[in-house]
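Structure record follows, encoded as structure tokens.
There are 2 protein chains.
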Amino acid sequence: MRLSNLADYAVVTMSAAARHCGGARTSAAELAAETGLPVPTVQKLVSKLSAAGLLRSTRGAGGGLQLARPAAAITVADIVEAVEGPIALTACVEGTDCSVEHDCTVKPHWPVVNEALRGALAAIPLTQLARTREIA
Amino acid sequence: MRLSNLADYAVVTMSAAARHCGGARTSAAELAAETGLPVPTVQKLVSKLSAAGLLRSTRGAGGGLQLARPAAAITVADIVEAVEGPIALTACVEGTDCSVEHDCTVKPHWPVVNEALRGALAAIPLTQLARTREIA
DNA sequence: ACCAATCGGAACGATTTGGTCCGATTTGAT
DNA sequence: ATCAAATCGGACCAAATCGTTCCGATTGGT
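Here the protein sequences come in this chain order: A and B. One rule links them: number in my numbering = place in the first sequence (from 1) + 8. One rule links them: number in my numbering = place in the second sequence (from 1) + 8.
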């Protein structure tokens, strides 16, 4: 019931990137310096975040990163799904395979819990996390 | 963002145990047979569930298990916490240690998300899961 | 007092996660 | 047009956790 460290770092990284909205181009090294995370870790994160369509990466000498969408349109759920894959509490939700064979009475209830959780994460936009000191 | 298989199995096991409310004494082997889970796995689960105070175990020849509380007073959050420990999305919530050193702007917001998640799981009592076929 | 059945804890193996490194690609200047 | 610098992207390796299995300690019945 704990999300991975990578997902946690991804949220922090995106939050730092959101503050660079003015200077559109930011580098992974710069984000690492601001967040205090290891540089290679941030590189791996921006790779996944770019593949998920949350960051727009520009290669080359003067390249860098920028948010693909406005910060208000990016939620914690988006970031978590980009790093950890789809939000699915159990294997039942994705229909992968259920070890419990026959009459699994709990199976119909998991999607309800799953959506409740996803809704809680989707309710937090990136703009709220980027605020420096204010608590929600 | 996926809870462990053990936690999933624990919910199924508790759901099966709730159906034995009449015949107070149930064995771990019987629960395993009903759920289709491996017997040693169920044994490990009942150990943790008993230590958490959700199940009451009686040792000896004619011993067995029974719910320590009414099924209506046991929620999914209780079961998950019994198996996986406290519900804490990030290390920040527990105050263990935060790799992000100085100005972590996201830190104040995690408890809010954490409580929202816990509330979603605490809203599902065991009685709801024990129903045979009805969907919530 | 003996036996049988049960829970409780400890050890092993497998899988996923986290961290590090190097190569491919693109832009800017000369 | 060529060179050089800086960037992202993917691949490799170590570590921790999770899942499973097995064996011992305890208890009640006979």
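For every residue, glycine included, the Cβ atom is placed at its ideal position computed from N, Cα and C. Since the structure is predicted, the reported quantities are computational estimates derived from the model, not experimental observations.
Is residue j closer than 9 Å to residue i when the C-beta atoms are compared?
{"i": "residue 64 (chain B)", "j": "residue 75 (chain B)", "result": "yes"}
{"i": "residue 14 (chain B)", "j": "residue 11 (chain A)", "result": "no"}
Going by other Cβ atoms of all chains shown within 10 Å of its Cβ, with 16 needed for buried, is residue i buried or exposed?
{"i": "residue 19 (chain B)", "result": "buried"}
{"i": "residue 80 (chain A)", "result": "exposed"}
{"i": "residue 21 (chain B)", "result": "buried"}
{"i": "residue 41 (chain A)", "result": "exposed"}
{"i": "residue 37 (chain A)", "result": "exposed"}
{"i": "residue 77 (chain A)", "result": "exposed"}
{"i": "residue 69 (chain A)", "result": "exposed"}
Taking residue i and residue j to be in contact with their CB atoms under 8 Å, please state how far apart those CB atoms are, rounded to whole angstroms.
{"i": "residue 90 (chain B)", "j": "residue 128 (chain B)", "result": "That pair is no contact at about 17 Å."}
{"i": "residue 122 (chain A)", "j": "residue 101 (chain A)", "result": "5 Å"}
{"i": "residue 83 (chain B)", "j": "residue 132 (chain B)", "result": "6 Å"}
Whose C-beta lies closer than 6 Å to the C-beta of residue i among residues of the same chain, with five residues either side of it excluded?
{"i": "residue 35 (chain A)", "result": "72"}
{"i": "residue 26 (chain A)", "result": "79, 134, 138"}
{"i": "residue 116 (chain A)", "result": "none"}
{"i": "residue 58 (chain B)", "result": "65"}
{"i": "residue 159 (chain A)", "result": "One cannot answer for residue 159 (chain A) here, as it falls past the ends of chain A, which runs 9 to 144."}
Go through its chain and collect everything with a Cβ distance to residue i's Cβ below 7 Å, but skip five positions before and after it.
{"i": "residue 28 (chain B)", "result": "34"}
{"i": "residue 9 (chain B)", "result": "none"}
{"i": "residue 119 (chain A)", "result": "101"}
{"i": "residue 56 (chain B)", "result": "90, 91"}
{"i": "residue 114 (chain B)", "result": "none"}
Leaving aside the five residues before and after residue i along the sequence, list all residues of the same chain whose C-beta is less than 8 Å from its C-beta, in chain order.
{"i": "residue 43 (chain A)", "result": "17, 20, 21, 24, 50"}
{"i": "residue 95 (chain A)", "result": "85, 88, 89, 122, 125, 126, 129"}
{"i": "residue 46 (chain B)", "result": "40"}
{"i": "residue 92 (chain A)", "result": "11, 12, 14, 15"}
{"i": "residue 62 (chain B)", "result": "22, 75, 76, 77, 82, 86, 87, 90"}
Quick check: is any heavy atom of the ligand HEM less than 8 Å from the C-beta of residue i?
{"i": "residue 24 (chain A)", "result": "With respect to the ligand HEM, the structure offers nothing, as it holds no ligand at all."}
| request: Jot down the residue ranges of each uninterrupted beta strand (DSSP E) in the region 22-57 of chain A, minimum 3 residues, whole runs only, in chain order. | output: Segments of the beta strand (DSSP E) lying fully in the region 22-57 of chain A: there are none.
| query | What are the complete beta strand (DSSP E) segments, minimum 3 residues, inside the region 66-133 of chain A? | reply | Fully enclosed beta strand (DSSP E) runs of 3 or longer: 72-75.
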